[in-house]
Structures are given as structure tokens and as C-alpha cells.
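Chains as they are written, first to last, in this note's numbering: chain A, -19 to 473; chain B, 502 to 787.
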């Protein structure tokens, strides 16, 4: 009880101080604020964080560690922009941490109160530095195509000599990059694509493909499991007895469809399961089928065609609810893009501008907004986490050797680093899907160690006082711990 | 169970929209013998212009529709006067130029307006009951406006002086000139008119389903399939082609496999090119 209270107090102080700083456009410290007075807090890894010799504080002083970001159209597309901006934000944050650490040292030195042993420990845990190195972010534009992504990946790794690549949204792009990642031997943290194939490759040919990790989101097989878990937990509450499944015919969603197809009928009556064209523009005949089958909800997996599907569902006021994995609904600008037609659409997501997955989520959202005058898509916070995770690995190991970093990252649990999940931990080389974020279950009602995500978000009309009156907000209605509002049924049902 | 009436109503509505999409394309080919591969870009211009009028200027929706029609007509007219007029007898150059201009327009729209979703409200929200089936008022409007415009175009071409001049120019520029018809002026009118059709189609597409900077590409392919099926340059052939493709596509999506959307026009295009290259109403080359 006391521990919980102390933790909450510490976190709320951290939040307040971060938000104050973020409001001035400065990326403030997570770790410095949240760390307790003896230097604990910040990012910790286990096992083995508190024991053992630490690398010298200034080991990489004068060096620059380069992070390459690979995003689709990072100048204009919300997915790519969120990745690039968040990596830059993380770099700024790490640079600020370095300066804070230096100031702290100087202050204590001037005061004559310096305790070198304590200070060394403090520096290690309290601040998210990279052992004195500067950090630089280089952005590559994949243009959402495998061919361009390969060119850009080679530019980043061969010409820019980056130490890490992060990003990649489309499955076809990451699948196409896997051999190059193996060839170049530079660690890559995927922060957008949900394809399970890279993780299978790591599992099957570990030595070759071990440089690939997915920091998030969960792969599409795990997302399908979460979809079924959601049905088991919430279908009765939401009054759903019959569902229709519509999944778009693209590589990113095929594992999701294949997993659901043979299983969802055992969880709920599913009279319609359709694969829809990635060029679908006229949804009327498809919705007619769902309507005549009497489904209560259309559970969708839609990426490219999600806008027209959503608009036509809302315009036609179909007598069934609508949501599932709806990629466009995960964009904070979707309400405005669809002129309010996004209302009532629900989707799985990792994080929204409204949610508080961890103590770091809202501070990041506010800092992002203060710096870029918008909110990120989930690929942003995941990229932010990926850069900080890499910094933690460098800080802990004191090496830039890719093999040693890979070994470290795959063997540790990182706490205090994620804006999405309570901790970052990857599946090992022997797992069926290797170097993936560990997925157990979404909610404590279905397993002992719930991960809390994916969360279930619904577009709702904002209340007065929450930003622009009448604008849409991405409320989370499940699971319980991250819930921000109740689910709303469409007013025409 | 297959609901035949429902499928028929859906097919009629979507075919009417397809006919509008293809009319401008076939008009230009029929008169000038020009394949305007920037047609999809004109659809995009119409949609974005209407959206700007409605969302940015805050004017009523009917004025936005008018704005979209006029903007696409203007761009189309300028395209003819600024580029096509000088090369219209050189087929390859026209095709290349209009393809390039189409891409330029698309990317200009992307740069200026971004890659976000484009939406317009339904022109006529709500639904009506037809023979016991619920049909969207918007689609009823699309169907009716499509036929009004098709009939108006027939009337224009067949019963007005301008229409006769258009027909004369389509047969022979020189012959038309001999009877005092200024072919450039007539071609300009034709491009303006075709652009206005494209603009209206862009507005309807956006109102029906949503759009974006790449929205012109599929309608372009669709137009091509429709006019090849109907017979290049034949207006009644294009209307019939639109209804054949719209119906087959609706039946395919409803009864066979939803994944075949978009594939149907391409399959028909290939089949027609192989079996009957002149299309339904075109004349076979000697």
C-alpha cells in the first residue's frame, strides 16, 4: 500500500514537471524527474542492472551516434511524420539529459559536495545519456515501397553509417528489407509494421537475421488473438451476438485474417467472413450482405480502403456497429479528415492522445504537441521508445558492437522506457516469433500478467473544455486500466 | 440468398456514376480523336476545388459543386489551349503529354493539399424505399443527374448548332473549316465540357465514398475500359459500357468474390481488345 502510494506520488510529480517543461517546448526529463533521490529510477534493465561494473560515463565523448529513421513520406504522411518527429524528439531528449547530467555534476563540484562513487551511480541510472556521445537522427523516405526502402536503407547504413535503424510501417517493406538488414549487420527496430514474417526469420535463421527486433506494435497474429480476447470479454457487454468479418486483401492483414477465419466462429456467431479488395470503393453491396445477415457489428481489418468504408457506413447509417483494426482511425487527424464521420468507429490501437498507458504516455503526447503542434500516430511513441531503448543498451553495455547490443537487448527486460507497455521485453531466439515484444494477453481477466494493450479506442465527440468543442477525441473504452470513457453505440442504432 | 432486386438497384446506381466518369473521356476522343490520359487528374481537380469552396470558403454545397465543375472545366480548357492544341495530330505526343500532365497535377495536389482524406457531405442525405428496398438518396441523385446530363449531351450534339459544329469537327477539321467552323474554338468548347463532366464526377465520387490526391487513377482506368467496350468515341456506347461494367462488377462483388473489385474492368478491357477491338458501337478499321 505504502509502496503503491509512493510510486504514484513520484509519478504524478514526474508528470507535472514534464508537462511544465513540455509546455515551453523543451523535452524534459522522464528519468531525472521520476528517479528517486538516491539516483534510482530512469530506465532500468533486469536482470543485472544494479550489479556489475558500469562503462565509464564519458566513454563516447566526442562521438556521434547516428539513428536512421525509415518512414513512408516522412514530410507529409502521418505515419512517417510521427516516426521521424518522435525520433528527433527522443534525440533532443537524450541530448538534454546529457546536459542535465553535466550541470548536476558541475553543481555538486562547485558546492564541494561531490561523492564520486554516488555520482557515478547516479549518472548511470538517473539520466538517459549515451555515455557522452552526441546523437543525430537521419531520416529516410521509403515512399511505402520495398524498392525505395532498400535504396534508403543502404544510404543510411552505408553512406550515413548509422548505428541503428528504426521505423518501417508496411509489411511488404520490412519483409523486403530483411536480407539487407542481415547483410549490413546494423540493428533494426521495427516500429510500425505488424508482419510476423521477420520474427519467423529471426527464429528460423537466428545468426543471419538476429539484428531485427520489433519494438511495436504486436504482430498481426497477436492482434488476431487480441481480437478474439476482446470478443470473449466484451461481446456480451456490448450486446453483440453476431458479427461479420471484413478483412482487406493486403499482405499486412493476411495473417490476421487467416488466424481469425478458423477460430472466430468458436467465439461468436459469424455468418459473414469476407476478404475485401484493396481497391474497394463501393461498399454498398457488402454492407447489404452484412445487413441481411443481421450482424450486430462489422469487425474489420482495413488499411488502404478504410476511409471510404467508414464514410459509407456513416453516411448510410447502417444498422450495425463498425470497427476492429481500422488503420485510418488510428490517425489523430481522422476525425477532421472525415469531417466527423469517424464518430462511433472503434479500433485497436497501441496508444492515443487521450490514454495513459504508462506514466510516460501523456508527457510524451504533450511534448510532441508542444514541439510539432499535432499528435502522433502510434508509430511515433513506439519510435520514441525504440531510440530510448537503444540508448539504454549503449549506456549499460558501453559498446556500439551490434552483436553485443543484440545480445543485451534480447536478454533484458527494460523498465521505465515504454510509453505503451509496462515494460519492454523481447521474445528469445527460440520463440516461434523471435525478437518480438512479449504478448501475453490484453486484460487481467484472461491471464495473470496482462500487457494492457492493444487498447480499444472509439472516436467520440469531444466534451466542452476538451480541446476544440465538438471536435473528435480518441477515447479508450477497454481494457479497464487504460479506459477513458464508456463505449457509445451509434445514435441511429 | 441472392437479393436480385437489391443487386439491380446497386448496379443501376453505380453504373450511372461510371457513365458520368467516362463521358468526358469519350467526348474528347469522339471529337478530336485525342486520348486524354489526364482525365483522372481533372476528376481530382474537381473534387479538390469543391472541397476548398465548401470547407475553406465555407460556401453552401451547391456552390461547391459548381466550383468543382468550373475548376475542372477551366483546367481542361487550358490543357487544350496550352498544350494539346499544338500536338493533337501526333498521337504519341498527346498520350505522353497528357500522362505527364496528369501526374504533375496529381503531385501538385499532393504538395499543396497533402495526403489526407478528402470528403464532402452527401448531396442528398438519407434513404428512400424503392420496391421495398432501401436506396440512398445520394445514389438516386447520382442516377437522375447522370441521365439528365447524358440526355442533355445527346440533345446538344444532335439538335444544336454547336453540336452540329462539334460533329462536323469530329469528322474533319478541314471540312469544318471550309464551312466556316473554327475547329480550335469547337475543340476548346469540347475540352471545357469534358472537363466539367470530369469535375462533376469528381464531386460525386468524393461525396459518395471520399477521395484523395490519388483518386483519379482508378476512374481513369475505368473510363478507358468503358469507352473501349462501348467503342472509342461513341457516347451511347460509353453509356452502355458503363452499365455493363457496373452491373458485372456489382454482381461479382455481391455473388462471387469481393476481392474482384477493380479487376472486372481490366478483364473486360483485355477481352474486348482481343475479341472486338472496335467495341460495341465503334467501327472496325479497314
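The beta-carbon is built from N, C-alpha and C at its ideal position, and this holds for glycine as well.
Computed from a predicted structure; not experimentally measured.
Just tell me which of A:279, A:191 and A:181 has its CA closest to the CA of residue 222 of chain A.
A:279
Residue-chain proximity (residue 57 of chain A, chain B), Cβ-Cβ < 7 Å
yes
Close beta carbons around residue 765 of chain B, own chain, < 6 Å, minus the five adjacent residues each side:
749, 750 and 753
Which partner residues of residue 456 of chain A appear in the DSSP bridge assignment?
A:437
Note down, in chain order, each residue of its chain lying with its Cβ closer than 8 Å to the Cβ of residue 447 of chain A, except the 5 sequence neighbours on either side.
For residue 447 of chain A, the predicted model reports a pLDDT of 48, less than 50, meaning its position is unreliable; a value from the coordinates is still stated below. Around residue 447 of chain A: 453.
Burial state of residue 118 of chain A, where buried means 16 or more other Cβ atoms lie within 10 Å:
buried
Contact set between the stretch 271 to 305 of chain A and chain B, restricted to residues whose Cβ is under 7 Å from the partner
272, 287, 288, 291, 292, 295 and 296
Is it buried or exposed for residue 587 of chain B, if we count other Cβ within 10 angstroms and need 16 for buried?
exposed
Take the Cβ of residue 317 of chain A as the centre, count every other Cβ of all protein chains shown within 10 Å, and call the residue buried at 16 or more, exposed below.
buried
Tell me whether residue 472 of chain A is buried or exposed, calling it buried when 16 or more other Cβ atoms sit within 10 Å of its Cβ.
exposed
Taking CB distances under 7 Å as the criterion, tell me whether residue 255 of chain A reaches chain B.
yes
In the stretch 241 to 269 of chain A, which residues sit with their C-beta less than 9 Å from some C-beta in chain E, listed in chain order?
Among the chains of the structure shown, chain E does not appear; the protein chains present are A and B.
Are residue 121 of chain A and residue 58 of chain A closer than 7 Å when you measure CB to CB?
no
Classify residue 597 of chain B as buried or exposed, calling it buried when 16 or more other Cβ atoms lie within 10 Å of its own Cβ.
exposed
Excluding the 5 residues flanking residue 292 of chain A on each side, which residues of the same chain have their C-beta closer than 6 Å to its C-beta?
263
Looking at C-alpha atoms only, which residue of A:371, A:333 and A:229 is the closest neighbour of residue 358 of chain A?
A:333
Would you identify the three-state DSSP class for residue 283 of chain A, choosing helix, strand or coil?
coil
Write down every uninterrupted run of the alpha helix (DSSP H) in the stretch 589 to 616 of chain B whose length is 4 residues or greater and which is fully enclosed by it, in chain order.
592 to 614
Quick one: give me the first and last residue of the beta strand (DSSP E) that residue 327 of chain A is part of.
326 to 329
Please confirm if residue 229 of chain A has its CB atom under 7 Å from at least one CB of chain B.
yes
May I have the straight-line CA-CA distance separating residue 179 of chain A from residue 391 of chain A, to the nearest angstrom?
16 Å
What in chain A is Cβ-close to residue 595 of chain B, meaning under 8 Å?
Correct list: empty, because the minimum Cβ distance to chain A is about 28 Å.
Answer yes or no: does any C-beta atom of chain A fall closer than 7 Å to that of residue 677 of chain B?
no
Name the DSSP beta bridge partners of residue 658 of chain B, please?
Residue 658 of chain B is not bridged to any residue.
Could you please give me the residues that DSSP links to residue 194 of chain A through a beta bridge?
A:170
Alpha-carbon to alpha-carbon, residue 781 of chain B and residue 469 of chain A
50 Å
Which runs of the beta strand (DSSP E) spanning at least 3 residues fall entirely within the stretch 129 to 183 of chain A, listed in chain order?
144 to 147 and 168 to 170
For residue 556 of chain B, does the three-state DSSP call read helix, strand or coil?
helix
Counting only Cβ-Cβ distances shorter than 7 Å, please list the residues of the stretch 33 to 53 of chain A near chain B, keeping chain order.
53
What residues from chain A crowd round residue 761 of chain B, counting only those whose CB sits closer than 8 Å?
257
Neighbour list for residue 515 of chain B in chain A, Cβ cutoff strictly below 8 Å
262 and 264
Between residue 318 of chain A and chain B, is there a C-beta pair that is closer than 7 Å?
yes
Around the C-beta of residue 661 of chain B, are 16 or more other C-beta atoms found within 10 angstroms, so that it is buried, or is it exposed?
exposed
Beta-carbon proximity of residue 647 of chain B to residue 528 of chain B, cut-off 7 Å
no
Beta-carbon neighbours of residue 615 of chain B, restricted to chain A and to distances below 8 Å
56
Cross-chain neighbours of residue 61 of chain A in chain B, by beta carbon under 9 Å:
None at all; the shortest Cβ gap to chain B is about 10 Å.
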